[in-house]
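See below for the structure under consideration.
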Amino acid sequence: QQPVQSPQAVILREGEDAVINCSSSKALYSVHWYRQKHGEAPVFLMILLKGGEQKGHEKISASFNEKKQQSSLYLTASQLSYSGTYFCGTDDFGNEKLTFGTGTRLTIIP
Amino acid sequence: GAGVSQSPRYKVAKRGQDVALRCDPISGHVSLFWYQQALGQGPEFLTYFQNEAQLDKSGLPSDRFFAERPEGSVSTLKIQRTQQEDSAVYLCASSSGFERQFFGPGTRLTVL
Numbered sequence: 046q047q048p049v050q051s052p053q054a055v056i057l058r059e060g061e062d063a064v065i066n067c068s069s070s071k072a073l074y075s076v077h078w079y080r081q082k083h084g085e086a087p088v089f090l091m092i093l094l095k096g097g098e099q100k101g102h103e104k105i106s107a108s109f110n111e112k113k114q115q116s117s118l119y120l121t122a123s124q125l126s127y128s129g130t131y132f133c134g135t136d137d138f139g140n141e142k143l144t145f146g147t148g149t150r151l152t153i154i155p
Numbered sequence: 013g014a015g016v017s018q019s020p021r022y023k024v025a026k027r028g029q030d031v032a033l034r035c036d037p038i039s040g041h042v043s044l045f046w047y048q049q050a051l052g053q054g055p056e057f058l059t060y061f062q063n064e065a066q067l068d069k070s071g072l073p074s075d076r077f078f079a080e081r082p083e084g085s086v087s088t089l090k091i092q093r094t095q096q097e098d099s100a101v102y103l104c105a106s107s108s109g110f111e112r113q114f115f116g117p118g119t120r121l122t123v124l
């Protein structure tokens, strides 16, 4: 079953913060986050491993709650370049096979 | 190479034709994946190779779909007797093994 992401879509003004959630019905080994712009390939953001720590860069970070089978992506002080569709990809068995979520379309306006 | 490359970038086929889609992964990457992405949807797993071994083909929609990676580098996804429902973007990704997957630009297949 496909992970469910929320919200489905969000519009923000430049500089605002966003949280994107990914929820699975299965126990997860790892969660991968990607951003895809229209007509382009998905671009990797980060991996969160079972038992691992919260990861992040300066303005993009993520958490992984194994017990709740959920992951969240945090975008701080959003920039215009953050616009796109965000997908979480879950690895249920530790075999690299990813099941991608329903997607969250993020639009940043000036 | 600099990244994952795919060819052709666009393919238009008449219903019933056979097509072959090529993927050149990043040099040295052990793992190679094929995904199908319909408009407005996330990528859906088709099949996965580790070197030349096809470890999982559970996502291939029918026996019209066939993938190979004979020498453990370049891979080809073949679709026989194409149908309109096969129209989608076909994405290839590679990784060095249990790491981030690098995606290619995709092949947009349109079946008329």
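The listed protein sequences correspond, in order, to chains X and P.
Letter 80 of the first sequence, counting from 1, is numbered 125 in the working numbering, and no numbers are missing.
Letter 74 of the second sequence, counting from 1, is numbered 86 in the working numbering, and no numbers are missing.
Idealized CB from N, CA, C, for every residue including glycine.
This structure is a prediction, so every number in the text was calculated from the model and none was measured.
Quiz item: So, using beta-carbon positions, are D30 (chain P) and R120 (chain P) closer together than 8 Å?
Solution: In the second sequence, residue 30 (chain P) corresponds to position 18, counting from 1. In the second sequence, residue 120 (chain P) corresponds to position 108, counting from 1. Contact flag unset, no.
Self-check item: Length of the line joining the Cα atoms of I92 (chain X) and S75 (chain X)
Solution: The count along the first sequence starts at 1 and reaches residue 92 (chain X) at position 47. The count along the first sequence starts at 1 and reaches residue 75 (chain X) at position 30. CA-to-CA, the gap between I92 (chain X) and S75 (chain X) works out to about 7 Å.
Quiz item: Among X:K82, X:D62 and X:T144, which has the Cα closest to the Cα of T121 (chain X)?
Solution: The sequence position of residue 121 (chain X) within the first sequence is 76, counting from 1. Looking at the Cα atoms, X:D62 is the closest of the given residues.
Self-check item: Contacting residues, own chain, Cβ-Cβ under 7 Å from R27 (chain P) (five flanking each side not counted)
Solution: Along the second sequence, read from residue 1 onward, the residue named residue 27 (chain P) stands at position 15. T94, Q95, Q96, V123 and L124.
Quiz item: Mapping DSSP to helix, strand and coil, what is Q96 (chain P)?
Solution: Reading the second sequence from its first residue, position 84 is the one you call residue 96 (chain P). When secondary structure is reduced to three states using DSSP, Q96 (chain P) falls in the helix class.
Quiz prompt | N-terminal and C-terminal residue of the beta strand (DSSP E) that T122 (chain P) is part of | solution = Taking the first residue of the second sequence as 1, we reach residue 122 (chain P) at position 110. Per DSSP, T122 (chain P) belongs to the beta strand (DSSP E) from T119 to V123.
Quiz item: beta strand (DSSP E) containing R80 (chain X): first to last residue?
Solution: Walking along the first sequence from the start, residue 80 (chain X) turns up at place 35. Here the beta strand (DSSP E) through R80 (chain X) covers S75 to Q81.
Self-check item: chain X residues whose Cβ lies nearer than 8 Å to that of D68 (chain P)
Solution: Position 56 of the second sequence holds residue 68 (chain P). Those are N140 and K142, listed as they occur along chain X.
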